[in-house]
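Written below as structure tokens is the structure these notes are about.
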DNA sequence: ATTTGTTATCGTAAATCGACGATAAACGAA
DNA sequence: TTCGTTTATCGTCGATTTACGATAACAAAT
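Protein chains in written order, with this note's numbering: chain A, 1 to 111; chain B, 1001 to 1111.
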């Protein structure tokens, strides 16, 4: 963006958007699901499960880590990733709050 | 992206990611909240509430509309936006499913 | 010490995003 | 018709994203 106007929004809005952005790619959704199902944990396993190259997967993991959703522990030569409990708890709270704010049923009849 | 590999993922993963991506900007989170609170509905009102230019707001609305989250009805010279009930219902379902898939508590002790 | 296997990072390229001003389009009112 | 208001679109710019191969970094094994 030319100028970053993000600071004009509330912290909650920025945090919610950051979480949503981190989940805004199918590969990252898939990674989170794989980690939750525990069908994969080590980076190399994730690479096998995903139709992406190793470097690309590594980048997606980096983004998820930056968003606080994922955590990596070095296990010898490999790295074992798992969902970051605290970060995901906050993500749940933020997304849950958004779902609560925007109910399923239409509210009125402005339109 | 150089090559689009999105079609390698499941439809649900792609849809979830698309919803998340649409919500992946503070302005769009704010717009959804404003529409839900019904403090704004007409495009011009949203512009007044947001620290962005009219054209930028219009683009964000376009993205939300493309994601099926928002709906615009022409009301004379102005356009009245509201949350798309069906689209948002699906978004709720997809995000809810993701939250259900990834529980709050850590599942095991891989890491 | 060398090799092998695993992961992160670098460099690169194309595509998309986010923002804006300017302009077009569409409507209501005068 | 003309004017003012409202919204969408166009064109543009720089920043970011997504992807990949190549390479570096590092641990374990030979």
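Ideal Cβ placement from N, Cα and C applies to all residues, glycine included.
Since the structure is predicted, the reported quantities are computational estimates derived from the model, not experimental observations.
For residue 102 of chain A, which residues of its own chain have a beta-carbon under 8 Å away from its beta-carbon, when the five flanking residues on both sides are left out?
Excluding positions up to five away in sequence, the list is empty.
Per-residue burial, residue 16 of chain A [other beta carbons within 10 Å of its own, 16 or more giving buried]:
buried
Who are the near neighbours of residue 75 of chain A in its chain, counting only those whose CB is closer than 8 Å to its CB and skipping five residues on each side?
42
Which word fits residue 39 of chain A, buried or exposed, when buried means at least 16 other C-beta atoms lie within 10 angstroms of its C-beta?
exposed
So which of A:60, A:97, A:100, A:99 has the shortest CA-CA distance to residue 30 of chain A?
Answer by Cα proximity: A:60.
Where residue 1099 of chain B and residue 1079 of chain B are concerned, what is the direct C-alpha to C-alpha distance, given to the nearest angstrom?
34 Å
Ignore the nearest five residues each way along the sequence and tell me which others in residue 1018 of chain B's own chain have a CB closer than 7 Å to its CB.
1067
Could you please give the first and the last residue of the uninterrupted alpha helix (DSSP H) stretch that includes residue 1054 of chain B?
1054-1066
Using a Cβ-Cβ cutoff of less than 7 Å, which residues in the same chain neighbour residue 91 of chain A once the five nearest sequence positions on both sides are dropped?
19, 69
I believe residue 94 of chain A touches residue 12 of chain A by the beta-carbon criterion, under 8 Å. Please report the beta-carbon distance rounded to the nearest angstrom.
7 Å
Three-state class that DSSP yields for residue 1078 of chain B in the structure shown:
strand
Simplified DSSP assignment, three categories, for residue 96 of chain A
Note: residue 96 of chain A maps to helix in three-state DSSP.
Looking at chain A, is there any beta carbon in it that lies within less than 8 Å of the beta carbon of residue 1029 of chain B?
yes
Using the three-state DSSP reduction, which class does residue 1024 of chain B fall into: helix, strand or coil?
coil
Skipping 5 residues on each side, what residues in its chain have a beta carbon closer than 8 Å to that of residue 1087 of chain B?
1067, 1068, 1069, 1070, 1071
Cβ neighbours of residue 1054 of chain B in the same chain (closer than 7 Å, five flanking residues each side left out)
If we look at residue 1054 of chain B and ignore the five residues flanking it on each side, its Cβ neighbours are 1047.
Tell me, please, whether the CB atom of residue 1078 of chain B is closer than 8 Å to any CB atom in chain A?
no
Tell me which same chain residues have a C-beta within less than 8 Å of the C-beta of residue 1032 of chain B, skipping the five on either side of it?
1023, 1064, 1069, 1070, 1083
Taking C-beta pairs closer than 7 Å, name the residues in chain A that residue 1060 of chain B reaches, listed in chain order.
In chain order: nothing, as chain A lies at least about 11 Å away.
Heavy atom of the ligand GTP less than 7 Å from the Cβ of residue 1019 of chain B, yes or no?
Among the ligands in the structure shown, none appear at all, so the ligand GTP cannot be discussed.
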